[in-house]
Structure formats: C-alpha cells, structure tokens
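Structure, as structure tokens:
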Ligand code: PNS
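In the working numbering, the protein residues as written are 3 to 165.
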C-alpha cells in the first residue's frame, strides 16, 4: 500500500474533504491527512480542534485503519512527504480556479523533490463548498449541517461559544 498525503487547512473539514479522503483510500492508498498551521490564514478553529474533529470523523466513517490525521509541521510539504514515506500528494479540484491555485504548488513540489500531485475532481455534490464559505455561513447564523460532518459542526459550535 503506498502512502499519500492529503494536506490542507481543513478549517473546518467538510463533506467534500471526506469524499476526497474516501476516494483516495479507495484507490488503495494509506492516506495521511496533514493539517497545516497556516498562521497567515485567519481561521476559526485551532489546530487541536481541527485534528480532533478529523480523527472523530475518520472513526465514524470507518476509515481509521487506512487514514490518519497528523499535524503538518512548519516547513516544506515535500520534507513531510519524505519523512512519512509518501511519494504523492492528493488534492481536490472544484473548478479551474482551483487548478490555477494548485498548478504552481504541484510543479514546485515536483521540482523540489519529485513529489507527484494526484488531482481528484471534486464530486459535483460538494463543488460549491469551501471551508471559508462554511465559516462565513455559520458565523452569520446559517445552517451548515449538510455541508460538514457532525464533529466539525461540534467544533465550530465550541469555538463560537468561547469567542
Ligand atoms: O487547504 P489549503 O489552505 O489550500 O492548503 C494549503 C497547503 C497546506 C497545501 C499549502 O499551504 C502547502 O503545501 N503548504 C506547505 C508549504 C510548502 O511546502 N510550500 C512550498 C511548496 S508549494
């Protein structure tokens, strides 16, 4: 079984992310979800809350044997890939805008260390969903319960309660 890294902010982890995870695992990979610090991004959930929610989602989805969630340490993604023995990164594409964002990173990771990027097209059911829109809708009182798994929703509620 080859190891692949699914990196991202996951703030919060959405049903689109879960679909991507399932599909990467279904290809026979051991999947490491690498949760970035990304202090430059103004988010809602701290790293521990995101990791905790993803771990709970994986357990509920029956994916815990094949998929694990870890912190993506500060530094290069390719160094993390080397450290965990992964030859490829998995990323989802919702649209051509995503491709424009992803292409330079994929080329850079390949240039730096020969790390490949496997792109999976986001299922149309989830292609309008982004973590940032989920945060905005939730912050403005909208219902996001059909866009994110229950542990992500619990984490958003908990963060809102303390802010
Ligand atoms: O979910 P996001 O925020 O779009 O994920 C971005 C992420 C974590 C994939 C990206 O910021 C990243 O790869 N960070 C690692 C830093 C790095 O290696 N940069 C240089 C090569 S592109």
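Ideal Cβ placement from N, Cα and C applies to all residues, glycine included.
- Distances from the alpha-carbon of residue 72 to those of 135, 64, 146, 83 put 83 closest.
- For residue 140, the enclosing alpha helix (DSSP H) covers residues 133-141.
- Residue burial is scored here from C-beta neighbours: residue 48 has fewer than 16 other C-beta atoms within 10 angstroms and is therefore classed as exposed.
- The DSSP-derived three-state label of residue 126 is helix.
- Residues of the same chain with a CB within less than 6 Å of the CB of residue 131, apart from the 5 flanking positions on each side, are 16, 18, 149 in chain order.
- Our two residues, residue 10 and residue 35, have alpha carbons roughly 8 Å apart in a direct line.
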